[in-house]
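>
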């Protein structure tokens, strides 16, 4: 498989990102013109949908707010139905830089990895998140390593690339509430080769993150429990 | 032994319980497969009321000194089981709901794209 034959889709989940979505798309078109994209407008209450329609963007409009998990999953279903070989998760808030896509996609095209995760912590450049959050991320990372043996540093990174096999898997089952760490475990249980590659992330330009300070505690407890429970309740399946 | 009046009152209560289930089923406000657990717990209650000796034996068996406490414990346990099965039903519903929302969104997108290409084609014809 070479890069010309590969159909690549960038999935951009967006919830109330009216100020960011245009710059994300312009950036993407400029830096990776050969990739298709789809915006998943997760029932935004601001003008995200209107911005998409006016500018003629390629977008899916969810009629009900599903949260990041359900939104991204809709993107994977779109990728599956339209025969894409590689799907890329790319946040709609301007944190991710599309310039890295060309580097990140290589291991999948060469069939050296099933999933590539763009990580802030490999080289430690760019936006590193606050100290407390990093502590939480490190904790989740060790928990995942303990539960299924994969060593991923940036477990909450939403910058991910997956091949056809995992487009299929994620289209049919994907964790719903705070899906990033859980998706790593489920991938590991399906025997994925997961690769972590360095990227530089920016602080979001406008708006607020979907995870506020109070929610962070709830997030940590919930995700930790989900990780611990996942392994024993998952009957190892092979595709 | 429990007094006969209490036994009769309990029996009437259980009859009302079954009548309500029957009515709801008849009006199709309940699906039969979700009613089975309620019918089952009603049967357990009926057996306990008709043969109160069983309750005393049961409380001795599990080491609860007063039969009424054993009854409460058993009741709470059954209610917990029913609640758990309700959670599992809701989980199933929410999964199918998410799948439905996603497929509606994808279909809406397909319709929108088709309409766009049609209007473009029409405009080209007019030109």
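Chains as they are written, first to last, in the working numbering: chain A, 1040 to 1278; chain B, 1476 to 1602. From the three backbone atoms N, C-alpha and C, an ideal C-beta is built for every residue, glycine too. These numbers come from a predicted model, not from an experiment.
Which complete beta strand (DSSP E) runs does the stretch 1167–1208 of chain A hold, if anything under 3 residues is left out?
1199–1202
> State yes or no: is the beta carbon of residue 1103 (chain A) nearer than 8 Å to at least one beta carbon in chain B?
Here the question's residue 1103 (chain A) lines up with position 64 in the first chain. Interface residue, yes.
> Do you know how far the Cα of residue 1158 (chain A) is from the Cα of residue 996 (chain A)?
As displayed, chain A neither begins before 1040 nor continues past 1278, which places residue 996 (chain A) out of reach and without an answer.
> Counting only C-beta atoms, is residue 1120 (chain A) closer than 8 Å to chain B at any point?
For this step, residue 1120 (chain A) is matched to residue 81 along the first chain. Residue contact with chain B for residue 1120 (chain A): present (Cβ-Cβ distance below 8 Å to some residue of chain B).
> Would you kindly check if the distance between the Cβ of residue 1113 (chain A) and the Cβ of residue 1099 (chain A) is under 8 Å?
Taking the first residue of the first chain as 1, we reach residue 1099 (chain A) at position 60. Taking the first residue of the first chain as 1, we reach residue 1113 (chain A) at position 74. Cβ distance < 8 Å, so residue 1099 (chain A) and residue 1113 (chain A) count as in contact.
> Quick check on residue 1278 (chain A) - is its C-beta less than 8 Å from some C-beta in chain B?
Counting from 1 along the first chain, the entry for residue 1278 (chain A) is found at position 239. In this predicted model, residue 1278 (chain A) has a pLDDT of only 47, less than 50, meaning its place in the structure is not dependable enough to derive any value.
> How big is the Cα-Cα spacing for residue 1453 (chain B) and residue 1111 (chain A)?
Residue 1453 (chain B) lies beyond the range of chain B shown here (1476 to 1602); nothing can be said about it.
> Taking Cβ positions, are residue 1074 (chain A) and residue 1090 (chain A) nearer each other than 8 Å?
Locating residue 1074 (chain A) in the first chain gives position 35, counting from the first residue. Locating residue 1090 (chain A) in the first chain gives position 51, counting from the first residue. No; because the gap between Cβ atoms is not below 8 Å, this pair is not in contact.
> Hey, would you say residue 1255 (chain A) sits closer than 8 Å to residue 1175 (chain A), going by beta carbons?
Residue 1255 (chain A) sits at position 216 when you count from the first residue of the first chain. Residue 1175 (chain A) sits at position 136 when you count from the first residue of the first chain. The Cβ-Cβ distance between residue 1255 (chain A) and residue 1175 (chain A) falls below 8 Å.
> Checking the sheet assignment: what are the DSSP bridge partners for residue 1434 (chain B)?
Residue 1434 (chain B) cannot be examined here, being either before or after the span of chain B that is shown, 1476 to 1602.
> If you compare alpha carbons, which of B:1490, B:1504, B:1519, B:1483 is closest to residue 1546 (chain B)?
Within the second chain, residue 1546 (chain B) is the residue found at index 71, counting from 1. Here the closest residue by C-alpha is B:1519.
> Mind listing the chain A neighbours of residue 1564 (chain B)? Cutoff is C-beta to C-beta under 7 Å, in chain order.
As a working note, residue 1564 (chain B) is residue 89 in the second chain. Correct list: empty, because the minimum Cβ distance to chain A is about 17 Å.
> What is the DSSP secondary structure of residue 1519 (chain B), reduced to helix, strand or coil?
Counting from one through the second chain, the residue named residue 1519 (chain B) turns up at place 44. Residue state for residue 1519 (chain B) is assigned as helix, using DSSP reduced to three classes.
> Using the rule of at least 16 other Cβ atoms within 10 Å of the residue's Cβ for burial, across every protein chain shown, is residue 1509 (chain B) buried or exposed?
Numbered from 1 along the second chain, position 34 holds the residue referred to as residue 1509 (chain B). Exposed.
> Whose CA, out of A:1094, A:1056, A:1071, A:1067, lies closest to the CA of residue 1083 (chain A)?
Residue numbering aside, residue 1083 (chain A) sits at position 44 when the first chain is read from its first letter. Of the candidates A:1094, A:1056, A:1071, A:1067, the one whose C-alpha sits nearest the C-alpha of residue 1083 (chain A) is A:1056.
> Taking buried to mean at least 16 other C-beta atoms within 10 Å of its own C-beta, is residue 1053 (chain A) buried or exposed?
As a position in the first chain, residue 1053 (chain A) is number 14, starting the count at 1. Counting every other CB atom within 10 Å of its CB across the protein chains shown gives residue 1053 (chain A) a total of 16 or more, marking it as buried.
> Applying the 10 Å Cβ sphere with the 16-neighbour rule, what's the burial state of residue 1277 (chain A)?
As a first step, residue 1277 (chain A) is located in the first chain; it is residue number 238 there, counting from the start. Interpretation of residue 1277 (chain A) is limited by its pLDDT of 49, a score under 50 that renders its predicted location unreliable; the figure taken from the coordinates is listed afterwards. Classification for residue 1277 (chain A): exposed.
> Can you name the residues of chain A whose CB is closer than 8 Å to the CB of residue 1581 (chain B)?
Position 106 of the second chain, counted from the first residue, corresponds to residue 1581 (chain B). Result: 1099, 1113, 1116, 1117, 1120.
> Are the beta-carbon atoms of residue 1517 (chain B) and residue 1551 (chain B) separated by less than 8 Å?
Here the question's residue 1517 (chain B) lines up with position 42 in the second chain. Here the question's residue 1551 (chain B) lines up with position 76 in the second chain. Cβ distance not < 8 Å, so residue 1517 (chain B) and residue 1551 (chain B) don't count as in contact.
> Which runs of the alpha helix (DSSP H), 4 residues or longer, sit entirely within the stretch 1065–1152 of chain A?
1087–1093, 1106–1120, 1140–1148
> Can you check whether the C-beta of residue 1573 (chain B) is within less than 8 Å of a C-beta belonging to chain A?
Translated into the one-based positions of the second chain, residue 1573 (chain B) becomes position 98. Proximity of residue 1573 (chain B) to chain A, defined by a Cβ-Cβ separation below 8 Å, is satisfied.
> Under a CB-based cut-off of 8 Å, is residue 1109 (chain A) close to chain B?
Residue mapping note: residue 1109 (chain A) aligns to position 70 of the first chain, counting from 1. Yes, its Cβ sits closer than 8 Å to a Cβ of chain B.
> List the whole-angstrom C-beta distance separating residue 1187 (chain A) from residue 1224 (chain A), where the pair is believed to meet the contact cut-off of C-beta under 8 Å.
As a working mapping, residue 1187 (chain A) is identified with position 148 in the first chain. As a working mapping, residue 1224 (chain A) is identified with position 185 in the first chain. Residue 1187 (chain A) to residue 1224 (chain A), Cβ: 5 Å. Contact.
> Can you round the beta-carbon distance between residue 1512 (chain B) and residue 1557 (chain B) to whole angstroms, since I take them to be within the 8 Å contact cut?
What you label residue 1512 (chain B) is simply residue 37 of the second chain in a count that begins at 1. What you label residue 1557 (chain B) is simply residue 82 of the second chain in a count that begins at 1. Contact holds; Cβ gap of about 6 Å.
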